[in-house]
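Residue numbers (the working numbering): -2 to 358.
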């Protein structure tokens, strides 16, 4: 069995609502997409994403450097293909746009493999559970007024979400404290409440916030400090009882290993696109399990619902419906959970007519 054709395309999918955090505004999501066809005519679909920049470069890496590597390869040898892509491109980037290109191909290969096995992806990868709890981030954006933040948080809990995540990093730290206290008071003690600083603060500032909100029962403090600064996460973790969550801007398993070995993290938030694909995500997840840590993937709920369901120690899927504008079938919240589609592969139902509205290349 060999790979007979690979096609790539690039789309720019606009957000449905205004999304802001401490470092950026989400104005678009560039979306490189890859189709891999085997000699039997089966097609696996993979993809990557950026927050508004870099999509053209990722597509060029896929077209010029990665597709020549995988053509005529055996699609069953996914890890072998991954290692070859990694080693053949390591001089130009072990992560970043190269890793995002590798991820798109890797996801397509796993989708193809699951279709060949006639299994949903989560079952092919382990099938540890049939549904995953969901928390909502899509109403916790930083630009919202305190009243808007409270209103939307209450609405999401009433809709059945297990928790809400609030963006922090206002110019005045005490605004963040006030907003979080108001949300906790409004939603009650039972729902999960997470916060995300998107690397806004230094160690001192992160400690200052943590010490002022510990009584609120914060489930995790996400990306409090620059992600490359492992030592500062160690210091912060020693000064607070709030669990520390990191991972969306870590780009390979070796960085996750460093966080784990230094005791700098409680919850890993690996993103299959940013860490190099499903092949690497599963390795990171099992590494976390070996050290008694949990994993809760970042973003891309339509793919990550499969990965979270594949392993026993996953916590949540994050609700941000970024792909809904280009899908013919979307995930349905039931009792606060998502169940992965039971179709073979990842089962993400792209609507080509909708996609074509956002075609860039």
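Idealized CB from N, CA, C, for every residue including glycine.
Whole-angstrom distance between residue j and residue i, CA atom to CA atom
{"i": "residue 29", "j": "residue 140", "result": "29 angstroms"}
{"i": "residue 191", "j": "residue 68", "result": "44 angstroms"}
{"i": "residue 297", "j": "residue 314", "result": "9 angstroms"}
{"i": "residue 132", "j": "residue 34", "result": "35 angstroms"}
{"i": "residue 18", "j": "residue 36", "result": "45 angstroms"}
{"i": "residue 206", "j": "residue 174", "result": "7 angstroms"}
{"i": "residue 326", "j": "residue 246", "result": "29 angstroms"}
{"i": "residue 235", "j": "residue 44", "result": "38 angstroms"}
{"i": "residue 187", "j": "residue 4", "result": "47 angstroms"}
{"i": "residue 360", "j": "residue 350", "result": "The requested residue 360 is not part of the displayed model; the chain covers only -2 to 358."}
{"i": "residue 354", "j": "residue 150", "result": "32 angstroms"}
{"i": "residue 101", "j": "residue 272", "result": "11 angstroms"}
{"i": "residue 335", "j": "residue 125", "result": "14 angstroms"}
{"i": "residue 194", "j": "residue 165", "result": "5 angstroms"}
{"i": "residue 211", "j": "residue 134", "result": "20 angstroms"}
{"i": "residue 268", "j": "residue 220", "result": "14 angstroms"}
{"i": "residue 119", "j": "residue 304", "result": "6 angstroms"}
{"i": "residue 146", "j": "residue 341", "result": "39 angstroms"}
{"i": "residue 383", "j": "residue 108", "result": "A query on residue 383 cannot be resolved here, the shown segment of the chain reaching from -2 to 358 and no further."}
{"i": "residue 40", "j": "residue 82", "result": "20 angstroms"}
{"i": "residue 16", "j": "residue 24", "result": "8 angstroms"}
{"i": "residue 293", "j": "residue 301", "result": "9 angstroms"}
{"i": "residue 87", "j": "residue 143", "result": "46 angstroms"}
{"i": "residue 20", "j": "residue 137", "result": "15 angstroms"}
{"i": "residue 117", "j": "residue 343", "result": "6 angstroms"}
{"i": "residue 181", "j": "residue 204", "result": "20 angstroms"}
{"i": "residue 320", "j": "residue 93", "result": "22 angstroms"}
{"i": "residue 312", "j": "residue 256", "result": "19 angstroms"}
{"i": "residue 218", "j": "residue 237", "result": "10 angstroms"}
{"i": "residue 225", "j": "residue 170", "result": "23 angstroms"}
{"i": "residue -1", "j": "residue 63", "result": "16 angstroms"}
Identified DSSP bridge partners for residue i
{"i": "residue 63", "result": "Answer is none; residue 63 lacks a bridge partner."}
{"i": "residue 324", "result": "347"}
{"i": "residue 109", "result": "Beta-bridge pairing links residue 109 to no other residue."}
{"i": "residue 17", "result": "22"}
{"i": "residue 92", "result": "Looking at the DSSP assignment, residue 92 forms no beta bridge with any residue, so it has no partner."}
{"i": "residue 292", "result": "265 and 311"}
{"i": "residue 256", "result": "Bridge partners of residue 256: none, in fact."}
{"i": "residue 193", "result": "164 and 219"}
{"i": "residue 198", "result": "222"}
{"i": "residue 154", "result": "Looking at the DSSP assignment, residue 154 forms no beta bridge with any residue, so it has no partner."}
{"i": "residue 9", "result": "27"}
Residue i in three-state terms, based on DSSP
{"i": "residue 217", "result": "strand"}
{"i": "residue 230", "result": "helix"}
{"i": "residue 347", "result": "strand"}
{"i": "residue 332", "result": "coil"}
{"i": "residue -1", "result": "coil"}
{"i": "residue 264", "result": "strand"}
{"i": "residue 185", "result": "coil"}
{"i": "residue 249", "result": "coil"}
{"i": "residue 142", "result": "coil"}
{"i": "residue 242", "result": "strand"}
{"i": "residue 317", "result": "coil"}
{"i": "residue 271", "result": "coil"}
{"i": "residue 355", "result": "coil"}
{"i": "residue 170", "result": "helix"}
{"i": "residue 4", "result": "strand"}
{"i": "residue 103", "result": "helix"}
{"i": "residue 225", "result": "coil"}
{"i": "residue 339", "result": "coil"}
{"i": "residue 276", "result": "helix"}
{"i": "residue 87", "result": "coil"}
{"i": "residue 297", "result": "coil"}
{"i": "residue 159", "result": "coil"}
{"i": "residue 237", "result": "coil"}
Any non-hydrogen atom of the ligand ADP within 7 angstroms of residue i CB
{"i": "residue 160", "result": "What this structure holds is no ligand at all, so the ligand ADP is not there to describe."}
| Segment contact flag, the region 5 to 21 with the region 45 to 65, C-beta cutoff 8 angstroms, min 3 pairs | yes
| Curious, which full-length alpha helix (DSSP H) runs of at least 4 residues does the region 21 to 77 contain? | 52 to 58 and 64 to 67
| the region 96 to 113 / the region 59 to 78 touching (three or more Cβ pairs under 8 angstroms) | yes
| Mind pulling the beta strand (DSSP E) runs of 3 or more residues that sit fully within the region 110 to 136? | 129 to 133
| request: Examine the Cβ distances between the region 152 to 168 and the region 337 to 348 and report whether three or more of them are shorter than 8 angstroms. | output: no
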